[in-house]
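Participant: If you scroll down you'll find the structure; I have some questions about it.
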Amino acid sequence: PLRVAQYGISSVVSLVDDVLLEQLRKYYADQEGEPYTEITADDDDPRARRITEYFNLINRVVQRQVREIRAEEFGPGSRINRYFELLPNNEPKKLYLQMLAENDPQTKAKLQEQLRELVRPGSIDANIMTKVDRTNFRGKEALPTEYCDALAALRGYAQSDLCSSVVFSAGFNQRLFSYLGNFE
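Oh and the sequence shown: position 136 is 162 in the working numbering, straight run, nothing missing.
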């Protein structure tokens, strides 16, 4: 998402390995100058919290990238030009091509402001493999059902700041689908 969402391209993040997501969160927090506090296996609900915090970090960075793109000047090599060049032949792309062909500076500036308002990030969706649903333990004690991998992944996504989609793959998990009713 950090490479493509700023250009309006949607992506899907696999929620199989929360430890990997935690490592990525640390890496990107360091890269972006964001605060980072490790979520360990001893923390309450670590899988869900890691997923939530990963998505929240990614969402903040992508929103910042989009604000920066909107503020850029149009011109060769700029990210705002690249954004519109990557679009399929739709209405915003047609408006962009019209702006490039425009010779009147006032009209061109007006079209550029319209285009800035059209810059939107790509969707950051989540993929939960329904069959990856092992029981988790704290020490030797099995945790309650809602701490199973798939349910914790859904909870982590649902508690994040994202407004996007969930993809369920690899089969049917009645417990997971029933658990969906707990979230908006």
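Yeah, the Cβ is synthetic: ideal placement off N, Cα and C, and Gly gets one too.
In this text the structure is predicted, and so the values were computed from the model without any measurement.
(1) With a threshold of 6 Å on Cβ separation, who are the neighbours of VAL39 within its own chain once the five nearest residues in sequence on each side are excluded?
(2) Where does GLU128 sit, in a helix, a strand or coil, going by DSSP?
(3) Please give me, in chain order, every unbroken run of the alpha helix (DSSP H) with length at least 4 that falls completely inside the segment 65-126.
(4) What residue range is occupied by the uninterrupted beta strand (DSSP E) comprising SER40?
(5) Restricting to Cα atoms, I'd like to know which of PHE198, VAL192 and ASN199 is closest to GLU210.
(6) Considering Cα atoms alone, identify which of THR156, ARG96, ALA135 and ARG51 is closest to LEU144.
(7) Please check the pair ILE150 and ASN85, which I expect to be a contact at CB under 8 Å, by giving their CB distance rounded to whole angstroms.
(8) Enumerate in chain order the residues of its own chain whose CB-to-CB distance from LEU112 is below 6 Å, with the five nearest sequence positions on each side excluded.
(9) Have a look at LEU83 and MET155 and give me their C-alpha separation to the nearest angstrom.
(10) For my contact list, ARG76 and GLY182 are in at a C-beta cut-off of 8 Å; report their separation, rounded to the angstrom.
(11) Counting Cβ pairs closer than 8 Å, one from the segment 169-176 and one from the segment 193-207, do we hit at least three?
(12) Roughly how many angstroms separate the alpha carbons of LEU180 and TYR54, rounded to a whole number?
Facilitator: Concretely, from the data shown:
(1) ALA152
(2) coil
(3) 72-97 and 105-111
(4) 37-40
(5) VAL192
(6) ARG96
(7) 7 Å
(8) TYR33
(9) 22 Å
(10) 7 Å
(11) yes
(12) 22 Å
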